[in-house]
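Working notes for the structure below.
Take a look at the structure:
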């Protein structure tokens, strides 16, 4: 039990960071927020491809929902214009509501999927919505020395 | 079930605010617990992110209000609007209410309120500033750009092409912010920030106009043109009514001198404001920015078949999207707190005189990309050597791959050297100076300024790394 990593706090406080992977934005559909679903090679030994892709696709769906233009967003916009945009001072916009959902989702994913594998996702909003930063934490190698790449130590640890 | 053991951290390697290299117990790890164990109480005040913002902006009301450093002619704009409207309500309204209708001051009042509110919102709202790239991100991008293993220091071309709606768009690399700019983003030199959907920097409102405040700006100029035209019309009517009965214009002006001032101001401003409103209405309808229009990005000047890839091909939809679309929140999180350990460390490091580290940074800055790449590849080796008994040697601990994470309190656990902490106040103290410097020097800035809130990976290169590396 002591050697198995359980929760996020433990990961942050006791593991050492080996590497960081950055999942970049996908601009093929314009400036709407969307991240590439290409699986980074550094994560190959750490997590299953499908899990990773699911996470990114869900995040993309959330962002699409936040930026969706349709009846409700127009209504919100027109109402805001009529009040000289003062309602933005008191009302939480739909975008902000969805961002809260995203934060909760990422927290949940970190706890359930990523932290047990020694990974940690940083919410893109903390990186200016440019990247999804995935921190890779080292597994302890067979001897006490920390080695270089996580995949090497990961394979020895297993 | 996988059994993963994570390396126990040597407590001596943990960042501590005290300058002495004595080992500190693990619970003094400066995470979220108020920074390093009460070293000096006055330094424990948690700092907000706006206090260490690297761009040229000023903040008021605890970070709630953001303006460009140069306020431009915003006071003049406000003054003109207030004076003209004040004169209107004082001189023209009483006469017109008596002779025409009492709707006039009501309409005038509504327009005036609209104008002032939208002007203040345009000026005080974050236009869509992109926070600068963290050092890790910047290093990652550098690795991708310069993966040819180019030994000599020569900045490679820094553009990236993406396909947006079947249109090729070139993304440029921003040397100040250390990232490839997203599409439609531009770096404003006056504010020293990259702004999303950058339209222009408006001196009249004293701020950039970008994604987040474009609708406020548009409403401002449209309502201002209505207000100006309305006042102009009312003043003309007022003077015409007074001059009736053969009394003449001069008589009318003598009776109501304020109207003369209004007339002059409105006459000269209504054309330019109406023109500007018309121009921006065109931009909104075609989903263009002033920047793109001026540069002719989508006008096909070069003879190629280029179309605006962002347009929805429908005027109504474009208008709705630009003006009534969802408003994204500010990305710079002005009022967020700096993570307690980092702010404590930066303030702790104020006590240490960072001259040695400063000099090391100066040495470091000339190494440039090569150094950055070397150190990016070195940390796995040097991470072992760092905590082992050389905690306080300045500038001998390259660890740029690690801990400088913005809001995660965690990752600086792995390595700590006095240099990193000492390096931060250099960034803290004068981020704007660093960001003003040239590319080579700004590499140094990149190493420790973009977000001086956290321990910056100073990457000392060849001499130090070479002497240090074998010691592992």
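Residue numbers (this note's numbering), protein chains in the order written: chain A, 255 to 412; chain B, 41 to 512.
C-beta: ideal position from N, C-alpha, C; glycine also.
Classification of residue i by the beta-carbon crowding that lies within 10 angstroms, buried from 16 upward
| i | result |
| --- | --- |
| residue 206 (chain B) | exposed |
| residue 100 (chain B) | exposed |
| residue 473 (chain A) | As displayed, chain A neither begins before 255 nor continues past 412, which places residue 473 (chain A) out of reach and without an answer. |
| residue 345 (chain A) | exposed |
| residue 278 (chain B) | buried |
| residue 343 (chain A) | exposed |
| residue 290 (chain B) | exposed |
| residue 374 (chain B) | buried |
| residue 142 (chain B) | exposed |
| residue 297 (chain A) | buried |
| residue 493 (chain B) | Residue placement at residue 493 (chain B) cannot be trusted, given a pLDDT of 41 that sits under 50; the coordinates are not used to answer. |
| residue 332 (chain A) | exposed |
| residue 225 (chain B) | buried |
| residue 269 (chain A) | buried |
| residue 372 (chain A) | buried |
| residue 90 (chain B) | buried |
| residue 165 (chain B) | buried |
| residue 179 (chain B) | buried |
| residue 311 (chain B) | exposed |
| residue 97 (chain B) | buried |
| residue 357 (chain A) | exposed |
| residue 322 (chain B) | exposed |
| residue 95 (chain B) | buried |
| residue 88 (chain B) | buried |
Local conformation of residue i per DSSP, three classes
| i | result |
| --- | --- |
| residue 245 (chain B) | coil |
| residue 207 (chain B) | strand |
| residue 97 (chain B) | strand |
| residue 143 (chain B) | helix |
| residue 345 (chain A) | coil |
| residue 282 (chain B) | helix |
| residue 381 (chain A) | helix |
| residue 228 (chain B) | strand |
| residue 236 (chain B) | coil |
| residue 273 (chain A) | strand |
| residue 278 (chain A) | strand |
| residue 374 (chain B) | coil |
| residue 374 (chain A) | strand |
| residue 323 (chain A) | coil |
| residue 299 (chain B) | helix |
| residue 258 (chain B) | helix |
| residue 289 (chain A) | strand |
| residue 360 (chain A) | helix |
| residue 392 (chain A) | coil |
| residue 276 (chain B) | helix |
| residue 202 (chain B) | strand |
| residue 212 (chain B) | strand |
| residue 386 (chain A) | strand |
| residue 172 (chain B) | coil |
| residue 221 (chain B) | coil |
| residue 252 (chain B) | coil |
| residue 560 (chain B) | With chain B covering only 41 through 512, there is no way to say anything about residue 560 (chain B). |
| residue 353 (chain B) | coil |
| residue 338 (chain A) | coil |
| residue 346 (chain B) | coil |
| residue 326 (chain B) | coil |
Check: residue i C-beta below 6 angstroms from any heavy atom of the ligand MG
| i | result |
| --- | --- |
| residue 136 (chain B) | The ligand MG is not part of the structure shown, which contains no ligands of any sort. |
Integer Cβ distance of residue i from residue j, believed to fall under 8 angstroms
| i | j | result |
| --- | --- | --- |
| residue 107 (chain B) | residue 247 (chain B) | 6 angstroms |
| residue 327 (chain B) | residue 348 (chain B) | 6 angstroms |
| residue 264 (chain B) | residue 313 (chain B) | 6 angstroms |
| residue 334 (chain A) | residue 286 (chain A) | The Cβ separation is near 20 angstroms, so there is no contact. |
| residue 169 (chain B) | residue 378 (chain B) | Contact flag wrong, Cβ pair sits at about 18 angstroms. |
| residue 117 (chain B) | residue 301 (chain B) | So it is not a contact: roughly 17 angstroms between Cβ atoms. |
| residue 353 (chain A) | residue 379 (chain A) | 6 angstroms |
| residue 242 (chain B) | residue 136 (chain B) | That belief does not hold up - the Cβ atoms of residue 242 (chain B) and residue 136 (chain B) are roughly 33 angstroms apart, past 8 angstroms. |
| residue 157 (chain B) | residue 369 (chain A) | At roughly 46 angstroms, the Cβ-Cβ gap does not stay under 8 angstroms, so residue 157 (chain B) and residue 369 (chain A) are not in contact. |
| residue 155 (chain B) | residue 105 (chain B) | Their Cβ separation, rounded to whole angstroms, is 19 angstroms, which puts residue 155 (chain B) and residue 105 (chain B) out of contact at 8 angstroms. |
| residue 381 (chain A) | residue 174 (chain B) | 7 angstroms |
Problem set entry | Runs of beta strand (DSSP E) wholly within the region 102–169 of chain B (minimum 3 residues, chain order) | For the region 102–169 of chain B, whole beta strand (DSSP E) runs of length 3 or above, ordered along the chain, are 105–108.
For this session: May I ask you to verify whether the region 294–310 of chain A touches the region 224–233 of chain B, counting CB pairs closer than 8 angstroms and requiring at least 3?
Result: No, because fewer than three Cβ pairs between the region 294–310 of chain A and the region 224–233 of chain B fall closer than 8 angstroms, the two stretches do not touch.
Exercise. At a cut of 8 angstroms, does the region 118–130 of chain B reach the region 297–314 of chain B through at least three beta carbon pairs?
Worked result: Yes: at least three Cβ pairs fall under 8 angstroms.
For this session: Tell me, please, whether the region 144–159 of chain B touches the region 278–287 of chain B by the rule of three or more beta-carbon pairs shorter than 8 angstroms.
Result: At 8 angstroms Cβ cutoff, the stretches do not touch.
For this session: Would you be able to state if there are at least three C-beta pairs under 8 angstroms between the region 241–255 of chain B and the region 322–329 of chain A?
Result: Result no; under three Cβ-Cβ pairs closer than 8 angstroms.
For this session: Mind the definition here: the region 375–395 of chain A touches the region 268–276 of chain A only if three or more C-beta pairs lie below 8 angstroms; say whether that holds.
Result: The region 375–395 of chain A is in contact with the region 268–276 of chain A.
Problem set entry | Cβ contact (3+ pairs, closer than 8 angstroms) linking the region 207–219 of chain B and the region 253–262 of chain B | They do not touch, by the three-pair rule.
Exercise. Is the region 344–361 of chain A in contact with the region 365–372 of chain B, if contact means three or more CB pairs nearer than 8 angstroms?
Worked result: They touch, by the three-pair rule.
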